[in-house]
Amino acid sequence: MITALAIMALGAIVLGAALGYASIRFKVEGDPLVEKIEAILPQTQCGQCGYPGCKPYAAAISAGEADINLCPPGGMDGVRKLADLLGREVKPLEAEEKPKQIAIIDEQTCIGCTLCIQACPVDAILGAAKQMHTIIEPLCTGCELCVKPCPVECISMQPIAENIDNWKWKYPVFEIKRAA
Amino acid sequence: MLAQLFRFKGGVKPQTNKTISVQEPIAQAPLPARLFVPLHQSIGGAPNPLVQAGDTVRKGQLIGGADAWVSAAVHAPTSGRVLAVEEHVAAHPSGLPTLSVVIEPDGRDEWIERRPVDHQSLPPERVRELLRDAGVVGLGGAAFPSHAKLTPARSVAMEQLVINGAECEPFMTCDDMLMRERADEIVRGIAIFRELLAAREVLIGIEDNKQEAIAAMHEAVLRLAPDYRVVAVPTRYPAGGAKQLIRVLTGKEVPASRRSTELGVQCFNVATVYTAYRALACGEPVLSRIVTLTGNVERPRNWEVSLGTPMREVVALARPRADTGSFLMGGPMMGFEIPDLDAPVVKATNCIIAASPGLFPPPPPEMPCIRCGACAEVCPHELQPFELYWFSRARNFGKTQEYYIFDCIECGCCSYVCPSHIPLVQYFRFAKSEIWAREREKQAADAAKERFELRNARAEREQAEKAERLARAASARTSEKKAPPERTNAVDSPPAAAAGEPAAAAATDADAIRKAAIAAAMARARAQRELAQPKNTDRLSAEQEREIAAVEARRGAQPATPEATAGAAGSGAPAGPQRGE
Amino acid sequence: MTHYLFLLVGAVLVNNVVLVKILGLCPFMGVSKKLETAFGMGAATTFVLTVATGASYIIDHYLLLPFGLEYLRTLSFIVTIAAIVQLTEMVIQKTSPLLHQVLGIYLPLITTNCAVLGVPLLNIANRHDFVESLLFGAGSAVGFSFVLVLFAGIRERVEGADVPLHFRGAAIAMVTAGLMSLAFMGFAGLDRYQ
Amino acid sequence: MMAWSTPPYLLADVSVRRVMLQVLVALLPGIAAYVWLIGPSILVQLVIATLAALLGEAVMLRLRRRPLLLFLTDGSAIVSAWLIALAFPPLSPWWLTVVGVLFAIVIAKHLYGGLGQNPFNPAMIAFAACIVSFPALMSQWPALGLKLSLAEQFEIIAGLAPRIDAMSGATPLDALKTALKLGEGAVDVPTLLANQDVFGNFAGRGWEWVSVGYLLGGLWLWQRKIITWQTPVAFVGGLTLLAAILWAWNPQQFASPLFHLFSGGSLLGAFFIVTDPVSGSTTFRGKLIFGFLAGAIAYVIRVFGGYPDGVAFAVLLMNLCVPLIDMYTQPPIFGMKNPK
């Protein structure tokens, strides 16, 4: 009995010492994974995931605090990529997926309050106090953060129309003739 | 003619069907009632419109200026009046519109002043500029601006200039006829390109099923430039692909990742060379092109068609048979079905084929791939199309890139031989455009991230400065009670203003002013919306006018900015009430 | 010499730890979705398994047997394996963070990979000496990695297949594993040839 | 209007059905030799297998809601069925053939998505599954010289007549292996092969001509460009090379390469099984590796392993490796062969 205890204790001490040494020797600083996750996120900075931007969300995923299906602008595609990177299961998106859209300011109604300019995370709104504002379309990420603050509800989200430059070849779908 | 020829792997031999459209010489197509000249006819940047509705233009007048190095100018194909610069359906598989100049010909066909130049007396940069401003682009179908291909690589001496007269697409004969009838101009044009590139050797490759063209070119070469070599290449699709022809004539293989000039070789289509010659030696920019009209038609023939002519009028010249179901632009291997015949003929329109179920039987149903490898056997780029298909179908785009999807030239050989009748090219195009779209999104995301971070940095800095200022002010107040607070300086404007405007109400606190202004604006906007919403269509005009007046008054109250005026001008007067829709 | 060769070949192919002995199925199913991770997992398991067989042989022969503590075998083996796995995890986290994240939960799971415990126990049951134990351990580990990588290759391909909806994912993976096992039955009897 | 939505609008006159049909035609010489050797029972098996395959295919297509006629007539199920019938003992009970065929069609083929998507060769899956499950039945080959009428053969297959001893022979391969094992070194291969009742001129008596039939069919397929030369040549090479080395080393214990080439499923495998493009390798070098290793493994299993023939297992084992082989043997593409 005593020998058994002694041997187990000995084993525990030896292994514990080895592990203790390793934890100091192989200490990991920082988390390079956050960057990889952030590269997948769409950078709309919309906060729909519940985190104040894409980077905090990436950090939360990396730390295992957040799920990977909280980013509606990234869509199912983004979820799939994250699942791929992290070896997790693909889950359906929490919110529904929307087509890509941009904000449009109705210039007739705008009163020039600058509230939307303060809300825009990517400085895509141009204008000064008491002057009409306008959205710089190529910079707009469609985050919708400017819609709420507008006191006169003059900002609307509009899906990006298809044009010759962003037109894509479609997935070939062919009616297989149901030969009866 | 005793050149050593090389082989490219793969390729197919479909029925060529070329003889039907070479029975008659090239004819001049009549001018239509309206020309729709798209501004963006080449690869690269879209030219800016230089005319507006109401302008009169003369034949050859610049209507769209190249806006970047890789871009080509666009000209008025005839004299007349510009009716509009507007979106018009494009000669594009999507059938989407593109910005086009609508010209009503006046029938006089008056030229601008043409200035022929001697390219030898000009520096090469100037010649390239002239070609760009004459709108010279690759007329083989890709429409890549030619001047951008005319700079030799710095480190590699230019060995061969390959002139592409192979024209491997079935049915298509526009280059064939051009070589038969205008061989001299082509040979003279080659001299321009050769000089710009300082190419040691000129090889003119023509498929050996075009004996008349070979003879004509041969004769012209003998007379004008005996050191050029006219080479008959074996007829095998896609021998007319630039990379395939370069391979056959020189043995060099140009991968997708490199420019051909880096290997000391460059390739141009015969029609491109011809237009370059016209542009410099006659001062005539690219205004028309030869178009083969063939297929299921009564009178197959090649026509010289003014750019911008609606296809509907062009195809009528060939008298399509009754069972024609649709029309293809380009050849049957790489062309596309024209979604709308209102689309105009553009620089890339080399051939229009009337298609009927008899001529091109609809494909049998698509079966699963059995990995038989027939596609890999015929792929001229030695890819593995069945693997590309497998991953494109599963939307595994990363894998498609590992299998070199961007080396695919979409020649269609794989689909042609597929026993399962899979539209392979379609899958590859789908995968490519998805990858491009993702690339764009990625770039947008990166830009957004950068802007977001800049903004955050700025916000932090401002916050820090404000805190510092406040601290300083506080300390100043406590130390020297007599000194006036700094803040009053900032709002030193006369506090009193018109009584009716709450925005201007006397107040010392800037925040309060703004809040009041917003509250008032909200009230106004709410009232306006309440008024506007129910009465979009059914309310009387008196109320509408009142509304407009209100809007105008409010707008007038705001200081006018360039944007504001532009917005007002653009939206038109009765914008207010209709907005509710 | 041929004896060792037969032992090794037997461990890799004929008595493959996954497909014939049906041990270590958790990582086999879990970490075979992508080829890259399968390679990583295979390497990690090979390392752990080889070290674990050696260590457990030493513990068994120099600690447990002399003191008559055979009844502590399973316990002490598990503790040893756990320690080795922990060590491996730290090293991987330091050297290849992505592999660490990708292996994710499966890395600590090597601890409970029954193959890692099973092989040392089989060694003792088969009365292998030290060299044989190491060979058997390494062979089993290589066999594990080998089929894991093959399986991942097939799964990557089957991912693009038009598998009936109800069989997507784990179901078709199980079917594939079964058919692989069937194929490996072809090796039966090879290690007994005289 | 949108009848032809995608280029190219010209298509060569080829189809999956025609490919499969030619494979079936190529099997005919072998089948003819088989009938001459054993009698018409193999025809009964072919019919049973075909019916079972079509039934299984139809049910699976219906369940998966895929167009029935299109896929039933593509001929792929019939090819699998014929290969199974030819690989199984000709007097197997009907249910054995049916089980094998259904296993192949349902599990090996349709669970993976049907035509073109199965990672394993369905016919070989059927063979392996049955030989593992019913080893005794799968080793009962009719003794040569056993002359039974069609009716008698039919009764045996249908299970109406008792399975008589005379028909429970073994293939030449099996006979040789068993004799060597029982002889414990006392007998040697040349003596055994001298027995002309079992062993013919250069391989198994009679069976050698069936193999010649397969060879003829295979060559025709190659000439028609349905199959490429790499896999069969590599397969034959792998098998022959190993056999030759061991035969040269110890001719008393190991039969000649010729014997191995014309015995068992070697040539059926070489031309009709390893050439299956779906489950086989597709690159030039990959085909060579795939074929060679399959041949070598087949030899190892049939000589040293526990089963009478190794072709089925060898093919399945190599099927496992195909994704990796293909991945690592991608040919260089156009433009990558330039220096630098």
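Protein sequences appear in the order of chains Z, U, P and G. Going by the working numbering, the first residue of the first sequence is number 1, and it counts up by one from there. Going by the working numbering, the first residue of the second sequence is number 181, and it counts up by one from there. Going by the working numbering, the first residue of the third sequence is number 762, and it counts up by one from there. Going by the working numbering, the first residue of the fourth sequence is number 956, and it counts up by one from there. Note that the Cβ used here is the ideal one computed from N, Cα and C, for glycine as well. This one's a predicted model, so the numbers in the text were calculated from it and none came from an experiment.
Below 7 angstroms between beta carbons: does that hold for L473 (chain U) and A498 (chain U)? Translated into positions along the second sequence, residue 473 (chain U) becomes position 293. Translated into positions along the second sequence, residue 498 (chain U) becomes position 318. Yes, these two residues count as a Cβ contact at 7 angstroms.
Exposed or buried, L836 (chain P), counting other C-beta atoms within 10 Å across all chains shown (16 or more means buried)? Looking up residue 836 (chain P) in the third sequence gives position 75. Exposed is the call here.
Are the C-beta atoms of M941 (chain P) and some chain C residue less than 7 angstroms apart? Considering every chain present, this structure includes no chain C. Its protein chains are Z, U, P and G.
Going by C-alpha distance, which of U:E293, U:P194 and U:F188 is nearest V597 (chain U)? Counting from one through the second sequence, the residue named residue 597 (chain U) turns up at place 417. Looking at the Cα atoms, U:P194 is the closest of the given residues.
Could you have a look at I533 (chain U) and say whether DSSP puts it in helix, strand or coil? Taking the second sequence and counting its residues from 1, the one referred to as residue 533 (chain U) is at position 353. Of the three classes helix, strand and coil, the one that applies to I533 (chain U) here is strand, per DSSP.
Contact set between the segment 43 to 59 of chain Z and chain U, restricted to residues whose Cβ is under 9 angstroms from the partner: Q43, T44, Q45, G53, C54 and K55
7 angstroms is my cut-off, CB to CB: does L497 (chain U) come that close to chain G? The count along the second sequence starts at 1 and reaches residue 497 (chain U) at position 317. Judged by the 7 angstroms Cβ criterion, L497 (chain U) is not in contact with chain G.
From the DSSP secondary-structure annotation, give me the bridge partner or partners of V382 (chain U). Residue mapping note: residue 382 (chain U) aligns to position 202 of the second sequence, counting from 1. Note: V382 (chain U) sits in a beta bridge opposite U:L341.
Test: I135 (chain Z) CB closer than 7 angstroms to a CB of chain U: On the first sequence, residue 135 (chain Z) is found 135 positions in, with the first residue counted as 1. Closer than 7 angstroms: no.
According to DSSP, simplified to helix, strand and coil, what is H255 (chain U)? On the second sequence, residue 255 (chain U) is found 75 positions in, with the first residue counted as 1. H255 (chain U) falls in the strand class under three-state DSSP.
Name, in chain order, the residues that DSSP records as bridge partners for F507 (chain U). Residue mapping note: residue 507 (chain U) aligns to position 327 of the second sequence, counting from 1. Partner(s): U:A534.
Can you tell which of U:A436, U:S536 and U:M547 has its C-alpha closest to the C-alpha of W1288 (chain G)? Reading the fourth sequence from its first residue, position 333 is the one you call residue 1288 (chain G). According to the sequence as given, residue 1288 (chain G) is Ile; it is not Trp. It is U:A436 whose Cα lies nearest to the Cα of I1288 (chain G).
Alpha carbons only, please: which of P:I842, P:M790 and P:G785 is nearest the one belonging to A813 (chain P)? The residue given as residue 813 (chain P) occupies position 52 in the third sequence. Taking only the C-alpha atoms, the option nearest A813 (chain P) is P:I842.
Any idea what DSSP makes of H299 (chain U), helix, strand or coil? In the second sequence, the residue the question calls residue 299 (chain U) occupies position 119. Three-state DSSP puts H299 (chain U) in a helix.
Helix, strand or coil for P56 (chain Z) per DSSP? Within the first sequence, residue 56 (chain Z) is the residue found at index 56, counting from 1. Helix, per DSSP.
Using a Cβ-Cβ cut-off of 6 angstroms (strictly less than) and excluding sequence neighbours within five positions of E920 (chain P), which residues of its own chain qualify? Taking the first residue of the third sequence as position 1, residue 920 (chain P) is located at position 159. If we look at E920 (chain P) and ignore the five residues flanking it on each side, it has no Cβ neighbours.
Is C447 (chain U) helix, strand or coil by DSSP? Counted from its first residue, the second sequence places residue 447 (chain U) at position 267. C447 (chain U) falls in the strand class under three-state DSSP.
For the beta strand (DSSP E) containing I243 (chain U), list its first residue and its last residue. Taking the second sequence and counting its residues from 1, the one referred to as residue 243 (chain U) is at position 63. Run containing I243 (chain U): L242 to G245, per the beta strand (DSSP E) assignment.
Among residues of its own chain, excluding the 5 on either side of D672 (chain U), which ones have a beta-carbon nearer than 6 angstroms to its beta-carbon? Sequence index remark: in the second sequence, residue 672 (chain U) carries index 492 (1-based). Low confidence applies to D672 (chain U): its pLDDT is 45, below 50, so where it sits in the model is not reliable enough to give any reading.
Do you know whose CA, among U:A461, U:L276 and U:I343, lies nearest W169 (chain Z)'s CA? In the first sequence, the residue the question calls residue 169 (chain Z) occupies position 169. That would be U:L276, whose Cα lies nearest to the Cα of W169 (chain Z).
3-residue-minimum beta strand (DSSP E) runs that sit fully inside the segment 105 to 152 of chain Z, ordered along the chain: none
One or two residues paired with M157 (chain Z) in a DSSP bridge: By 1-based counting over the first sequence, the position of residue 157 (chain Z) is 157. In DSSP, M157 (chain Z) forms a bridge with Z:A103.
So with Cβ pairs under 7 angstroms, would you call E293 (chain U) a contact of chain G? If you number the second sequence from 1, residue 293 (chain U) lands on position 113. Not closer than 7 angstroms to any Cβ of chain G, the Cβ of E293 (chain U) fails to qualify, so no.
Assigned secondary structure, A179 (chain Z) (DSSP; H/G/I helix, E/B strand, else coil): As a position in the first sequence, residue 179 (chain Z) is number 179, starting the count at 1. The predicted model places A179 (chain Z) with a pLDDT of 33, which falls under 50 and marks its position as unreliable; any figure quoted below should be read in that light. Of the three classes helix, strand and coil, the one that applies to A179 (chain Z) here is coil, per DSSP.
Taking the straight line between their C-alpha atoms, what separation do you get for E267 (chain U) and A161 (chain Z)? As a first step, residue 267 (chain U) must be located in the second sequence, where it is residue number 87. As a first step, residue 161 (chain Z) must be located in the first sequence, where it is residue number 161. Cα to Cα, E267 (chain U) sits roughly 14 angstroms from A161 (chain Z).
Nearest to I1039 (chain G) by alpha carbon, out of G:R1257, G:P1074 and G:V1002? Against the fourth sequence, residue 1039 (chain G) aligns to sequence position 84. Of the candidates G:R1257, G:P1074 and G:V1002, the one whose C-alpha sits nearest the C-alpha of I1039 (chain G) is G:V1002.
If I follow the unbroken beta strand (DSSP E) through G260 (chain U), where does it start and stop? To locate residue 260 (chain U), count along the second sequence from 1; it is residue 80. Element bounds for G260 (chain U): G260 to V269.
Between the Cα of T415 (chain U) and the Cα atoms of U:G578, U:V495, U:N449 and U:R187, which residue gives the shortest distance? In the second sequence, residue 415 (chain U) corresponds to position 235, counting from 1. Cα-wise, what sits closest to T415 (chain U) is U:R187.
Would you list, in sequence order, the uninterrupted alpha helix (DSSP H) runs of no fewer than 4 residues that lie entirely inside the segment 1018 to 1059 of chain G? 1023 to 1027, 1031 to 1042 and 1049 to 1057
Member of U:I426, U:L508, U:G510 and U:K527 whose CA lies at the smallest distance from the CA of S468 (chain U): As a first step, residue 468 (chain U) must be located in the second sequence, where it is residue number 288. Here the closest residue by C-alpha is U:K527.
Three-state class that DSSP yields for T236 (chain U) in the structure shown: Residue numbering aside, residue 236 (chain U) sits at position 56 when the second sequence is read from its first letter. It is a strand residue.
Inter-residue Cα distance where the pair is K1295 (chain G) and F1245 (chain G): As a first step, residue 1295 (chain G) is located in the fourth sequence; it is residue number 340 there, counting from the start. As a first step, residue 1245 (chain G) is located in the fourth sequence; it is residue number 290 there, counting from the start. At K1295 (chain G) the pLDDT is 41, less than 50, meaning the model places this residue with poor confidence; the figure from the coordinates comes in the next sentence. If I take the Cα positions, the gap works out to 31 angstroms.
Taking the DSSP output, what are the residues bridged to A207 (chain U)? Position 27 of the second sequence, counted from the first residue, corresponds to residue 207 (chain U). DSSP lists U:W483 as partners of A207 (chain U).
Counting C-beta neighbours from all protein chains within 10 Å, is the total for D298 (chain U) 16 or more, i.e. buried, or is it exposed? If you number the second sequence from 1, residue 298 (chain U) lands on position 118. D298 (chain U) comes out exposed.
Are E107 (chain Z) and M132 (chain Z) touching if we call contact CB-CB under 7 angstroms? Residue 107 (chain Z) sits at position 107 when you count from the first residue of the first sequence. Residue 132 (chain Z) sits at position 132 when you count from the first residue of the first sequence. Against a cut-off of 7 angstroms, the Cβ pair of M132 (chain Z) and E107 (chain Z) comes out as a contact.
If you measure beta-carbon to beta-carbon, which residues of the segment 1062 to 1089 of chain G are closer than 8 angstroms to chain U? G1068, G1069, L1070, G1071 and Q1072
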